[in-house]
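This report concerns only the one structure given below.
In the working numbering, the protein residues as written are 199 to 623.
In structure tokens, the structure reads:
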């Protein structure tokens, strides 16, 4: 399907070498100030040809707002956004009409639909993500205005060159060192900004590691090869309570969103796979009072989500991207008819998708949390219409024990020996 979301519903359209690509967005709240200047910066961050680390395809990716706004404000009606394709070279794909590219979607699209795009990869091309990034820029405008939400992604690894989070727990004797490493990681996630990320062409905020990442990408490019890696994303200031158990948990929606991005091969949230090596007494995030009548957590191995619901802490996750399938290096493969042959792909392609994937990861995170936020707001709005009820405080987290013994619940739901207090005071 080409549609993502329930209440904030995004439908992308277009292929890599057609006239245009774009998106139609249903569910944009009315009255949001919105103009091209709110959308274009994110499209500029994902567009090709900005450095020698990416494809030289020269697309300006200028967005046009076709509907849904007037005099600089959203109307609550569908917002349609379009970007023209201006630098296609279909001739570069002539050999690919004979050979399906190894590990590309050429073959599987043909199997599914019985036809395929003759050039550019069609809908499987990352060109399709323009619509996602544009729709997410609209969502981000609302998220920022309503809650001050910040979403920042960065390249965490290229090949074996990494600034990724610490690994698992090795021994109790190393506990202090282990916790210092994780505290350092959480500190980075609290403070990293898009300006920090964009200050380096590789989009890694650690400049020493970025230099080695750059060298690895250029090495792959020189060899007419490609290389993969990971992107880390952090979501800050997201309200608690978002996520729809049991099947639409927030981490499940984020995983769905991330694994829909071209070239993705893996997803982990919070401590991720490293968490399988950390004992429970270390991995559990103790609750602490935040001073505003609410609870926070002392650590954040959970990655801001517990039981599929946001808890108000920073949400962070990592996405794995494989090496780009289209390479100029000669590869032994077969034609669509099954005859042996050799393919050396022509055209302009990324030796590493990671630097341009950063705004795409941010975009899909924005779309997932925007939809989750609107779902939670609709639930709260529905509940607000019910007159105040004398709900037992043991159900609302307001129960105060009168003795050291545990409460006894009698048949009518009251606590034995105590008056039922309303939560509405």
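Backbone N, C-alpha and C define an ideal beta-carbon position, used for all residues, glycine too.
- Item | Helix, strand or coil at residue 622 [DSSP, three-state] | Confidence is the limiting factor: at residue 622 the pLDDT is only 48, short of 50, which leaves the residue's position unreliable and the question unanswerable from this model.
- Based on the DSSP output, what are the partners of residue 434 in its beta bridges? 348
- Task: Taking residue 515 as part of the beta strand (DSSP E), name the residues at either end of that continuous run.
- Result: 513-519
- Message: Just to confirm the assignment: which complete beta strand (DSSP E) runs, minimum length 3, are found wholly within the segment 404-473?
- Response: 427-434, 462-467
- Query: Is residue 587 near the ligand NAP, in the sense that its beta carbon is under 8 Å from a heavy atom of that ligand?
  - Reply: The ligand NAP is absent from the structure shown, which contains no ligands of any kind.
- So residue 478 is in the alpha helix (DSSP H); what residue range does that whole segment cover? Segment 478-481, the alpha helix (DSSP H) holding residue 478.
- Task: State buried or exposed for residue 424, treating a residue as buried only when at least 16 other CB atoms are found within 10 Å of its CB.
- Result: Buried, because 16 or more other Cβ atoms sit within 10 Å of the Cβ of residue 424.
- According to DSSP, is residue 199 helix, strand or coil? coil
- Query: How big is the Cα-Cα spacing for residue 528 and residue 539?
  - Reply: Straight across, the Cα-Cα distance linking residue 528 with residue 539 is about 10 Å.
- Cα-Cα separation between residue 201 and residue 230, rounded to whole angstroms: 22 Å
- When DSSP labels each residue in this structure, what does residue 217 get in the three-state scheme? coil
- Query: Do residue 455 and residue 575 come within 9 Å of each other at the CB atom, strictly closer than that value?
  - Reply: no
- Task: Between the Cα of residue 560 and those of 586, 333, 343, spot the shortest distance and give me the residue it belongs to.
- Result: 333
- Taking the alpha helix (DSSP H) that residue 378 falls in, what are its first and last residues? 373-389
- Message: For residue 558 and residue 331, I'd like the C-alpha separation in whole angstroms.
- Response: 6 Å
- Message: With the cut-off set at 9 Å, would you say residue 470 and residue 516 are in Cβ contact?
- Response: yes
- Query: DSSP state of residue 339, grouped into three classes?
  - Reply: helix
- Go through its chain and collect everything with a Cβ distance to residue 305's Cβ below 6 Å, but skip five positions before and after it. 298
- Item | CA-to-CA distance, residue 339 to residue 279, given in whole angstroms | 15 Å
- Flag this pair as touching only if the segment 265-282 and the segment 211-229 have three or more C-beta atom pairs under 8 Å; answer yes or no. yes
- Query: Under 9 Å between the Cβ atoms of residue 463 and residue 549?
  - Reply: no
- Could you check how far apart the C-beta atoms of residue 251 and residue 399 are, in whole angstroms? I think they sit under 8 Å. 6 Å
- Message: For the segment 574-589 against the segment 345-357, do three or more pairs of beta-carbon atoms, one drawn from each stretch, fall closer than 8 Å, so that the two count as touching?
- Response: no
- Query: What residue from 276, 475, 275, 242 has the CA that sits closest to residue 261's CA?
  - Reply: 242
- Message: List, from N- to C-terminal side, the alpha helix (DSSP H) runs of 4 residues or more that fit wholly inside the segment 231-282.
- Response: 234-244
- Task: Could you say which of 259, 313, 391, 438 lies nearest to residue 345 if we only look at CA atoms?
- Result: 438
- Query: Excluding the five sequence neighbours on either side, which residues of its own chain have a C-beta within less than 6 Å of the C-beta of residue 510, listed in chain order?
  - Reply: 438
- Query: Given that a residue counts as buried once 16 or more other Cβ atoms are within 10 Å of its Cβ, and exposed if not, what is residue 402?
  - Reply: buried
- Query: Among 362, 314, 513, which one has its Cα closest to the Cα of residue 432?
  - Reply: 513
- Query: Which residues mark the beginning and the end of the alpha helix (DSSP H) in which residue 393 is found?
  - Reply: 392-396
- Item | CB contact flag (residue 317, residue 295, <9 Å) | yes
- Message: Rounded to the nearest angstrom, what separates residue 444 and residue 573 at their Cα positions?
- Response: 14 Å
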